[in-house]
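Presented below is the structure to which this report refers.
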Amino acid sequence: MRGLAPVFAVVVVMAVVPLVGVSNVTLNFLVIALITALAGQGWNVLGGYGGQYSFGHAAFFGTGAYVTAVLQVRYGVNAWIAFGLGIGGGALVGAIVGGLTFRSGLRGSYFALVTLAFAEVLRIAASVAPITGAGVGTLVKLDLRPVALQFQSRAVFYWMILALVAVALIVTRLIERSRFGVWLIAVRENEDAARALGVNTTAVKLAAMVISGAITAAAGCFYVQYFLFIDSGLAYGTWISIEALLTPIIGGVGTVFGPLLGALVVRGLGEGAQIVTGGEAPGLDLVVYGCVLVLIIWFAPRGLIGAFAQLRNRVMRPARLVETGHG
Amino acid sequence: MLSPTILIAAVVNGLLTGALYALVALGLTLIYGVLHIINFAHGALLTAAMFAAYFTYHLFGIDPYLAAVLLAPAFFIIGYALQRFIIGPTSHGDDRNMLLVTLGLAVIIENALLFAFRADTRTIDLSYAFSGIDLGFAFLPLPRLIGFGVMFVVAFVLWLILSATDTGRAIRAVAKEKLGAELVGIDVAHIYAVTFGLGTACVAIAACLLIPSYYVNPSAGNAFVLVAFTVVVLGGMGSVLGALIGGLAIGVVESFSSLFLGESLGQIGIFVLFIVVLLVRPSGLFGAQA
Chain F
124 MRGLAPVFAV VVVMAVVPLV GVSNVTLNFL VIALITALAG QGWNVLGGYG GQYSFGHAAF
184 FGTGAYVTAV LQVRYGVNAW IAFGLGIGGG ALVGAIVGGL TFRSGLRGSY FALVTLAFAE
244 VLRIAASVAP ITGAGVGTLV KLDLRPVALQ FQSRAVFYWM ILALVAVALI VTRLIERSRF
304 GVWLIAVREN EDAARALGVN TTAVKLAAMV ISGAITAAAG CFYVQYFLFI DSGLAYGTWI
364 SIEALLTPII GGVGTVFGPL LGALVVRGLG EGAQIVTGGE APGLDLVVYG CVLVLIIWFA
424 PRGLIGAFAQ LRNRVMRPAR LVETGHG
Chain Y
-1 MLSPTILIAA VVNGLLTGAL YALVALGLTL IYGVLHIINF AHGALLTAAM FAAYFTYHLF
59 GIDPYLAAVL LAPAFFIIGY ALQRFIIGPT SHGDDRNMLL VTLGLAVIIE NALLFAFRAD
119 TRTIDLSYAF SGIDLGFAFL PLPRLIGFGV MFVVAFVLWL ILSATDTGRA IRAVAKEKLG
179 AELVGIDVAH IYAVTFGLGT ACVAIAACLL IPSYYVNPSA GNAFVLVAFT VVVLGGMGSV
239 LGALIGGLAI GVVESFSSLF LGESLGQIGI FVLFIVVLLV RPSGLFGAQA
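Protein sequences appear in the order of chains F and Y.
Everything in the first sequence is counted per our numbering, starting at 124 for the first residue and increasing by one.
Everything in the second sequence is counted per our numbering, starting at -1 for the first residue and increasing by one.
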């Protein structure tokens, strides 16, 4: 496959990390960063390539998490199957929300608002419905066997989330190279023009939302297997929605590696802020995130990857125009 | 089971709460009408104003209703500066960026407040907070009656500004046709900032009206703003009259749904209404075609 070499290179380098003897704390940090990256990769398909800025991706994350947890705990479904169904659940929510909103022609601020509202409805519903454990949440039983998708070693969890991120990277790359990807970017750049040229914009956006929902739901499914607990705030909280859009925008919106880079930077900065203040400063890490978001949009609207590309162009002064994967 | 007096009491209470929703929504709809973006920092600014009202009372003993006279201009300046020096230059003229920047500001303001004041919930005790008018079947607390009255005054003043001043005409011109307004010499960046300032001043007044009967913590404003989104969508984005009627209507809907469904499901009622309106009639009940 053309263009997949950088993806494989990055994944292989990251896969070696647990073998060089890093501490469990570092590994835990990387796992959490990769969960954020995966949620952001989902957002990036719809927001980065399709230009549809969702403010409610927690709807997918939470659905993946709850489906995985509730099927195992209440219905005794095997963890692997529950995990798969959780991803399917996210895709289904994507199809429902996308079907309703895109059919009504909602864009821009309206789309942001309606996705936010869907996430909030799900959050409130999950906080009162008995099936989700209501306010108490759902605890998955500790069962450290591969068949239960739980592992003694943190390294195995790390490789598992890395594999999920790798799949999402490959999917994103393939979309970018496909006819569907070109349609999607056309919708982002000028939806009316795309429709005039014969692109079925509603169908394209809907497909992007389903893929986007499935990827972000996978992050939620993994979250449950890793922490073995979920409640309505963790699943559908506003903060998940913000993180899902923060990572691609900081890393490079509409680029393959943007969410991964953004997640590492965001998590690293948050960790740094906590270390500097000795963990005695609630909210300071989030202030840092907010400032980084504003500064990135201000000075590097194409994210860190866009800024690097620009810098390289300036230094190398190439005769030809360099592709940056973002129009 | 339900006597008519309980229903009337629910309506009256809903109208009193709705007036405050309307006031928060007024600022939001004004900003949307001109800048064509949802200001996601609205809730954080409301929280900040509530803290400001709390501290002017706590430190200087200034009555919140008096503080509104001071805080409204102060928050006008804050709003003006935010739009002129941060949101405007940052967004590079792209609506999507503007949405994100207001979201980023919301995160910064809310968490800076959390960092400064921790998650503690604070209230103020006014001597007259529990006085009011007893209608026999319903008790009307004085702070909420004042809130109801002030909302109409603010709406009237806003209407006067928009219809009778040169700045107001410029605001309406920019809202209708930005490029045309620019061509006839209107400073669009300035008008954007003035609009944002007016919207923020509305929030400051709403905060002063809320603080006597409500509490403040770093996320206090969010509850109101999610409702205000609904009000703005229901009333038609950008419509001042729509925000007024929408706010009162939502107050009554919430009052009824918590009467019949309980507190937490009552909130769902609002969101479901919100989604249905967005999907079926996104231009709202009073708005022009979106």
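Using N, Cα and C, we set each Cβ at its ideal position, and we do this for glycine too.
This structure is a prediction, so every number in the text was calculated from the model and none was measured.
> By the criterion of Cβ-Cβ separation under 8 Å, what are the contact partners of LEU407/F in chain Y?
Replying inline: ASN109, PHE113
> List, in order along the chain, the chain Y residues whose C-beta lies closer than 7 Å to that of VAL237/F?
Replying inline: ILE273, LEU276
> Which first and last residues belong to the beta strand (DSSP E) in which ILE428/F is found?
Replying inline: That residue, ILE428/F, is in no beta strand (DSSP E); its alpha helix (DSSP H) goes 426 to 439.
> Under 8 Å between the Cβ atoms of TRP166/F and THR339/F?
Replying inline: yes
>> Beta carbons nearer than 8 Å to chain F: which residues of the stretch 69 to 88 of chain Y have them?
In response: ILE84, PRO87, THR88
> Of the residues MET439/F, ILE365/F, GLY381/F, GLY336/F, which one's Cα is nearest the Cα of ILE219/F?
Replying inline: GLY336/F
> THR361/F: which of SER217/Y, ILE243/Y, ALA46/Y sits nearest, CA to CA?
Replying inline: SER217/Y
> Listed from N- to C-terminal order along the chain, which residues in the stretch 243 to 273 of chain F have their beta-carbon within a distance smaller than 8 Å of any beta-carbon of chain Y?
Replying inline: GLU243, VAL244, ILE247, ALA248, SER250, VAL251
> Out of curiosity, what's the CA-to-CA distance linking ALA214/F and VAL223/Y?
Replying inline: 29 Å
>> Assess contact between the stretch 9 to 23 of chain Y and the stretch 241 to 252 of chain Y, defined as three or more Cβ pairs (one per stretch) separated by less than 8 Å. Is contact present?
In response: yes
> ALA199/Y and PHE74/Y look like a contact to me (Cβ under 8 Å); what is the Cβ gap, rounded to whole Å?
Replying inline: 4 Å
> What residues in the stretch 397 to 425 of chain F have a beta carbon less than 7 Å from any beta carbon of chain Y?
Replying inline: ALA404, PRO405, GLY406, LEU407, LEU409, VAL410, TYR412, GLY413, CYS414, LEU416, VAL417, ILE420, TRP421, PRO424
> How about SER227/F: is its C-beta nearer than 8 Å to some C-beta of chain C?
Replying inline: Within the model displayed, chain C is absent; protein chains F and Y are what it includes.
> What separation, rounded to the nearest whole angstrom, lies between the Cα atoms of VAL32/Y and LEU97/Y?
Replying inline: 14 Å
> How far does the beta strand (DSSP E) with PRO139/Y in it reach, from first residue to last?
Replying inline: 137 to 139
>> Quick check: VAL99/Y and VAL417/F, are their CB atoms within less than 8 Å of each other?
In response: yes
> Using a C-beta to C-beta distance shorter than 9 Å, which residues of chain F count as neighbours of HIS40/Y?
Replying inline: Within chain F, no residue comes near HIS40/Y; the closest Cβ sits about 12 Å away, beyond 9 Å.
> Below 8 Å between beta carbons: does that hold for PHE194/Y and LEU101/Y?
Replying inline: no
>> Counting only Cβ pairs nearer than 9 Å, list the residues of chain F close to LEU97/Y.
In response: TYR176, PHE178, GLY231, SER232, ALA235
> Can you name the residues that DSSP bridges to ASP132/Y?
Replying inline: PHE137/Y
> For GLN287/Y, which residues of its own chain have a beta-carbon under 6 Å away from its beta-carbon, when the five flanking residues on both sides are left out?
Replying inline: Caution is warranted here: a pLDDT of 42 is assigned to GLN287/Y, below 50, making its placement in the model unreliable, and the coordinate value is therefore given only provisionally. Taken in chain order, the residues that qualify are SER281.
> Taking Cβ positions, are GLN164/F and LYS328/F nearer each other than 8 Å?
Replying inline: no
> What are the uninterrupted segments assigned as alpha helix (DSSP H) that are 4 or more residues long and contained completely in the stretch 304 to 391 of chain F, given in chain order?
Replying inline: 314 to 319, 324 to 350, 355 to 359, 361 to 374
> From the beta carbon of ALA240/F, is the nearest beta carbon of chain Y less than 8 Å away?
Replying inline: yes
>> I'd like to confirm something about PRO269/F: is its beta-carbon nearer than 7 Å to some heavy atom of the ligand COA, or not?
In response: Within the structure as shown, the ligand COA is missing, as the structure has no ligands at all.
>> Would the stretch 192 to 203 of chain F count as touching the stretch 422 to 437 of chain F if we require 3 or more Cβ pairs under 8 Å?
In response: no
> Where does THR163/Y sit, in a helix, a strand or coil, going by DSSP?
Replying inline: coil
> Of all Cβ atoms in chain Y, is any one closer than 8 Å to the Cβ of ILE428/F?
Replying inline: no
> Can you tell me where the alpha helix (DSSP H) with PRO280/Y in it begins and where it stops?
Replying inline: PRO280/Y -> no alpha helix (DSSP H), and no H or E assigned at all.
>> Going by DSSP in three states, ARG230/F sits in which element: helix, strand or coil?
In response: coil
>> Which of the three DSSP states is assigned to VAL214/Y in this structure?
In response: strand
> In terms of residue numbering, what span does the alpha helix (DSSP H) encompassing PRO71/Y cover?
Replying inline: 62 to 79
>> Let me confirm a value: ASN109/Y is counted as buried when at least 16 other C-beta atoms fall within 10 Å, else exposed. Which label applies?
In response: buried
> Could you give the C-beta distance for VAL272/F and PHE206/F, rounded to a whole number, given that I count them as a contact under 8 Å?
Replying inline: The sequence given here places Leu at residue 272/F; Val does not occur at that position. Contact flag correct, Cβ pair sits at about 6 Å.
> Which residue's Cα is closest to the Cα of ALA192/F: ILE334/F, CYS344/F, LEU297/F?
Replying inline: CYS344/F
> Which word fits TYR126/Y, buried or exposed, when buried means at least 16 other C-beta atoms lie within 10 angstroms of its C-beta?
Replying inline: exposed
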